[in-house]
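These notes concern the structure reproduced below.
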Amino acid sequence: MNGCKIRLQLAFTALSLALLSGSPVVAEDASHPGEPTLHECTEALRDGRDKLSKLSTKSLSRYFAERFLLSAEAEAGNGEYDECLEYVEKAVDEIDNRWHWLAPGEKFRATTSTGFMELSGDDQ
Amino acid sequence: MFARSKIIMLTAASASLAMAGATTAGADTANTGNPYVAGDMHNHNTCTDGSVSVGYGLDRVLGSGTAAGGGQNFNIDWYTMGNHGGSGNRDCRFADTSAGVPGETTTYWNNTLGQTIDGITIASLKGTPSGSGNSRVMWRWQNIQEVEWPYVVRRSQQYNKVIIEGLEWVVPGHEHADAAVISGQNPLGGASGVGSADTMAQFEFLFDRSDNDLIGPVDGNGNSIWTGKIPNSGLVGNNAHQKSITAVTWMQSRYPLTSYVVPTHTERAGAFSLTGNAGYNIEHFRNLNNAGPTVAFGIESPGHFAQGGTTGGSGSYGTGSVGGGTYGLAGVYTAKVGGLWDGLLGEGRNFFIYVSSDWHSRGSFGARDAATTADFWPGEYTKLFVPNSASFKSQHVIDGMRSGNSYSVNADIIGPDMVYRAHGPDGVWKTMGETIVVNPGEEITLEMAVTVPAKNNSPYSFNNPLLMQVGINQPLNKPYLDHIDLITGDITGVIAPGAPGYAVPNAAGVAGASIVYNSSAKIAKQVSASAMSKVDNPDGSKRLTFTATMTAGTTPFYIRSRGTNLPPATPNATDVKGDPLLDTNNVNVVCADPACPTHLGKVGGTLRVTNDVQAWSNVWFYANPIFVRPASYPQLLVETNAGLAKTLAARATRR
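These protein sequences, in sequence, are chains A and B.
So that you can map any letter, position 69 of the first sequence is 69 in our numbering, and since no number is skipped, the others follow by simple counting.
So that you can map any letter, position 222 of the second sequence is 222 in our numbering, and since no number is skipped, the others follow by simple counting.
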């Protein structure tokens, strides 16, 4: 694989935009009082992204939190709004507590469709 | 042949102790082949909330060697697709961008209608329209019929393996369940063609809590073909549970031998809720088994093995799950001696344990990476073993699961050739799910043999941080068995619905871990690997065997087995008896090796045993029970229901 170093980008998916647009649902409304809704999921995603944007793009926590938000979007697309909220909660916990960071000399690398992304120990 | 086994004195419930001098009779399975085959029945792709496409996922799971674009294939023996019910907005002929699969980006059904991709053309999204733009969804019944099924056919023939189109059923009143109806599925082809997955799709349409389509497929006149759907709207608590019972009754009446329902990650959503859709209590499993004696025969412990972070979360279990998290990467219903599973076995029920991957994504990694902060691929970490057959078919998967003759293994701690069997004076061996009938005072001989493979799929060769606490240096990529527990419990008979003890109050969080459902259950014997007979095989694996004897008493009982790499009293992992602690405790252990990966969570500036390192460090297997009944005692329910399956099979053969 060609090792092209890709800067971490936090481009949101089309799904995010679709969710944020508040799409109408015309199938049976089977929501139940007290159970999470698409609206709540959408709001939580928006809040999560707002918090995410305040972290440095060099931050490993920011990368981890972004991945949690992507999982939240996938759950929303499947209609699993409770799991959507759980992933947003994980993202916020990561942002608030910075469970992942890279000390000088440490690296994190993950494959992407075009190569890999890499972060190195400069995210303090 | 078994090597001469060491004789282990077993303290069994209702069995007096006996030290026998006999050695085992020959078992002909030792390293001469695979009497069991490994599979997975709970996994996802972009048809629902997974990260990879249907085709790519099947290739990685069924293929061998290295994938063309990179990443290890896992060469699983059989595979049941297990996507959620409900709907999905992504075109699952494509991987999600986040999966990092070359050339693939997140694609929606809204983008591809009318296009032929991978030989499949989706002309329209059927049923009740739902969503707009990229949120337009395809209902899962259509997805099963028109998307997943063609891939099942193609890959079945390409790999010549058993692939089943199954479902992760979103259960009314509850969380989820693995489900399948294989009637009509013949993907390998034959005189009658490849068939279809229509019965699976019909079940999903009629009974899934997230499928709110009220139309389904229609005939030429536009009339719904599948009638009788009970709308989900307003269904909560007991009314919703009743729909789940109706679903199981539907399966039992129509497909008693070709379907199953296995509730999964059963602790995750907490206790059952009268006002919503949440978890399960023991009475709900009893109801399901009563309604579907040959289709609702067990539960599945959670997958998501690499999700454990610094605040817990392994198995996708949060603090609100029953038990407050996982224990040895298993749910507390499975892991606790005397817990919910033992409560069901204490009735003599045919109720067994299974484990699968619940594969969705690699979390912070791409699908081709060896590391994961979320899930393992099917066949990578956990394996559900069912008996092999000369001509292995999808029916054998269900037959093996239903019979109880199956076992579940994490991190390849043991291989596909486990022997776990026992006999009475008649010398007739009985294995998992079967019942030995003896007279009080008669001797029972139990024999167990396992192979500890030379390696597993771990990408890490540094020493297990949990074991280093007790002075054991064991690389994570080399399986290690410390001991095997033989767990027994008394069987006191089936509890009738409504009778005292049928319904048991449940509790979310760690409080749920203290509930005792069968007080007679105990670790009757803990057999250290060092006390077993050992044969070193040329491939580096080890064959371990032992024999135990016991004397039958007047009360029926069962003997189940589990094994682990963790010695009793391993700090932050097991208690003095060897029971697993809440896995969140693993976080107290520092991963100090220079090779510890940077994706682990940090506490106080140090990497901790979390995510995939936790999973490779904290390793267990579970084997289903063998039952023992005094001859004067009425047949156990497990025998009655096995007999029912046999009768139904004979009837089907005569037709």
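Glycine residues also receive a C-beta, built at the ideal position from the N, C-alpha and C atoms.
Quick caveat, the model's predicted, so the values are computed rather than measured.
Throw me the rounded Cβ distance for the residue i and residue j pair, which I believe falls under 8 Å.
i      : j      : result
H176/B : T80/B  : In fact, because the Cβ distance is near 14 Å, the residues do not count as touching under 8 Å.
A454/B : D539/B : 6 Å
N281/B : N641/B : Not confirmed; about 22 Å, so no contact.
R562/B : A623/B : 7 Å
L69/A  : L102/A : The pair is not a contact, with the Cβ atoms about 20 Å apart (cut-off 8 Å).
A657/B : E283/B : There is no way to answer for residue 657/B, as the model of chain B reaches only from 1 to 655.
I245/B : N287/B : 6 Å
P630/B : N439/B : 7 Å
F392/B : N350/B : The pair is not a contact, with the Cβ atoms about 23 Å apart (cut-off 8 Å).
N289/B : V619/B : N289/B to V619/B, Cβ: 30 Å. No contact.
A38/B  : G433/B : Incorrect: roughly 18 Å between the Cβ atoms, too far for contact.
D96/B  : T46/B  : 6 Å
T549/B : M532/B : Contact doesn't hold; Cβ gap of about 15 Å is too wide.
L644/B : G348/B : Not really, about 14 Å apart at Cβ, beyond 8 Å.
I436/B : I626/B : 7 Å
Select from the options the residue whose C-alpha is nearest the C-alpha of residue i.
i      : options                        : result
S196/B : W139/B, Y327/B, G184/B         : G184/B
D47/A  : A65/A, E80/A, L119/A           : A65/A
W149/B : T199/B, V355/B, D77/B, G100/B  : T199/B
H304/B : D490/B, G313/B, L340/B         : G313/B
F249/B : L235/B, L340/B, G276/B, G292/B : According to the sequence shown, residue 249/B is Thr rather than Phe. Here the closest residue by C-alpha is G292/B.
F94/B  : T275/B, T112/B, W78/B          : T112/B
P129/B : V137/B, I122/B, V452/B         : V137/B
E165/B : Q158/B, N223/B, E146/B         : E146/B
I76/B  : M41/B, V590/B, I626/B          : M41/B
S452/B : A278/B, A191/B, H483/B         : Sequence check: residue 452/B is Val here, not Ser. The option with the nearest alpha carbon to V452/B is H483/B.
H194/A : T554/B, N611/B, L481/B         : Within the shown structure, residues of chain A are numbered from 1 to 124, placing residue 194/A beyond reach of any answer.
R362/B : F627/B, I626/B, D59/B, G100/B  : G100/B
E442/B : N277/B, C92/B, T431/B, D426/B  : D426/B
D575/B : D536/B, G328/B, S461/B, K646/B : G328/B
A573/B : A374/B, V609/B, R90/B, A247/B  : V609/B
K542/B : T66/B, A449/B, N463/B          : A449/B
H360/B : C92/B, L648/B, P571/B, T116/B  : C92/B
S458/B : G493/B, D412/B, I436/B         : D412/B
N238/B : T275/B, W109/B, N477/B         : T275/B
R60/B  : F74/B, T311/B, G69/B           : F74/B
V170/B : G105/A, D96/A, E83/A           : E83/A
Report yes if the C-beta of residue i is less than 7 Å from at least one heavy atom of the ligand GDP; otherwise report no.
i     : result
G65/B : No copy of the ligand GDP appears in this structure; indeed no ligand is present at all.
**Message:** Using a Cβ-Cβ cutoff of 9 Å, what residues of the region 51-64 of chain A are near chain B? List them in chain order.
**Reply:** L60, Y63, F64
**Continuous alpha helix (DSSP H) assignments of at least 4 residues falling wholly in the region 23-89 of chain A** = 38-52, 60-77
**Request:** Taking a Cβ distance cut-off of 7 Å, strictly less, list which residues of the region 39-50 of chain B are near chain A, in chain order.
**Result:** T48, D49
**Message:** Quick test of the definition: if touching needs 3 or more C-beta pairs under 8 Å, does the region 393-405 of chain B touch the region 326-341 of chain B?
**Reply:** no
**Start-end ranges of the beta strand (DSSP E) lying completely within the region 237-280 of chain B, minimum 3 residues** = Fully enclosed beta strand (DSSP E) runs of 3 or longer: 259-264.
**Message:** Any contact between the region 377-386 of chain B and the region 411-418 of chain B? By contact I mean 3 or more CB pairs, one from each, below 8 Å.
**Reply:** yes
**Asked** So does the region 98-118 of chain A actually touch the region 352-370 of chain B, counting three or more Cβ pairs closer than 8 Å?
**Response** yes
**Prompt:** At a Cβ cut of 9 Å, what residues of the region 86-107 of chain A count as close to chain B, listed as they run along the chain?
**Reply:** E86, E89, K90, D93, E94, N97, R98, W99, H100, W101, L102, A103, E106, K107
**Prompt:** What residues from the region 350-367 of chain B come within 9 Å of chain A, judged by C-beta to C-beta, listed N to C?
**Reply:** H360, S361, R362, G363, S364, F365, G366, A367
**Asked** Are three or more beta carbon pairs between the region 80-93 of chain B and the region 133-147 of chain B nearer than 8 Å?
**Response** yes
**Near-chain B residues of the region 63-80 of chain A - C-beta to any C-beta below 7 Å** = Y63, F64, R67, L70, S71, A74, E75, G77, N78, G79, E80
**Message:** Assess contact between the region 216-229 of chain B and the region 103-113 of chain B, defined as three or more Cβ pairs (one per stretch) separated by less than 8 Å. Is contact present?
**Reply:** Too few Cβ pairs lie closer than 8 Å, so no.
**Asked** Between the region 567-587 of chain B and the region 311-327 of chain B, are three or more C-beta pairs nearer than 8 Å?
**Response** yes
**Asked** How do the region 84-93 of chain A and the region 48-65 of chain A stand: do at least 3 beta-carbon pairs fall below 8 Å, yes or no?
**Response** yes
**Asked** Name the residues in the region 75-90 of chain B whose C-beta lies less than 7 Å from a C-beta of chain A; which are they?
**Response** H84, G86, S87, G88, N89, R90
**Prompt:** Given 8 Å as the limit, is there contact between the region 595-615 of chain B and the region 207-220 of chain B, that is, 3 or more CB pairs closer than that?
**Reply:** In short, these stretches do not touch, since the Cβ pair count stays below three.
**Request:** State whether the region 119-127 of chain B contacts the region 156-164 of chain B, with contact taken as three or more CB pairs (one from each stretch) at a distance under 8 Å.
**Result:** no
**Message:** By the 8 Å beta-carbon criterion, what residues does the region 34-45 of chain A contribute toward chain B?
**Reply:** Listed in sequence order: G34, E35.
**Prompt:** Does the count of Cβ pairs from the region 538-556 of chain B and the region 591-605 of chain B closer than 8 Å reach three?
**Reply:** no
**Asked** For the region 101-116 of chain B, which residues have a CB atom closer than 8 Å to at least one CB atom of chain A, in sequence order?
**Response** V101, P102, G103, E104, T105, T106, Y108
**Asked** Fully enclosed by the region 39-111 of chain B, which alpha helix (DSSP H) runs are 4 residues long or longer?
**Response** 54-62
**Message:** Restricting to runs no shorter than 3 residues, where is the beta strand (DSSP E) found entirely within the region 448-497 of chain B?
**Reply:** With a minimum length of 3 residues, the unbroken runs of beta strand (DSSP E) contained wholly in the region 448-497 of chain B fall at 483-490.
**Message:** Taking 8 Å as the cut-off, does the region 560-578 of chain B touch the region 454-473 of chain B (at least 3 CB pairs, one atom from each stretch)?
**Reply:** yes
**Item:** Under 8 Å (Cβ pairs) to chain A, residues found in the region 230-264 of chain B
**Value:** Listed by position along the chain: P231, N232, S233, G234, L235, V236.
**Message:** Along the region 591-608 of chain B, where does the CB come closer than 7 Å to a CB of chain A? Name the residues.
**Reply:** T598, H599, G601, K602
**Prompt:** Which runs of the alpha helix (DSSP H), 4 residues or longer, sit entirely within the region 546-591 of chain B?
**Reply:** none
**Message:** Please give the ranges of any beta strand (DSSP E) in the region 133-187 of chain B, keeping only runs that are unbroken, at least 3 residues long and fully inside the region.
**Reply:** 162-170, 176-181
**Message:** Give the list of continuous alpha helix (DSSP H) stretches no shorter than 4 residues that lie fully inside the region 603-642 of chain B.
**Reply:** 611-617
**Item:** Whole alpha helix (DSSP H) elements within the region 332-419 of chain B, 4-residue minimum
**Value:** 332-335, 340-345, 394-403
**Message:** Using a Cβ-Cβ cutoff of 7 Å, what residues of the region 561-579 of chain B are near chain A? List them in chain order.
**Reply:** none
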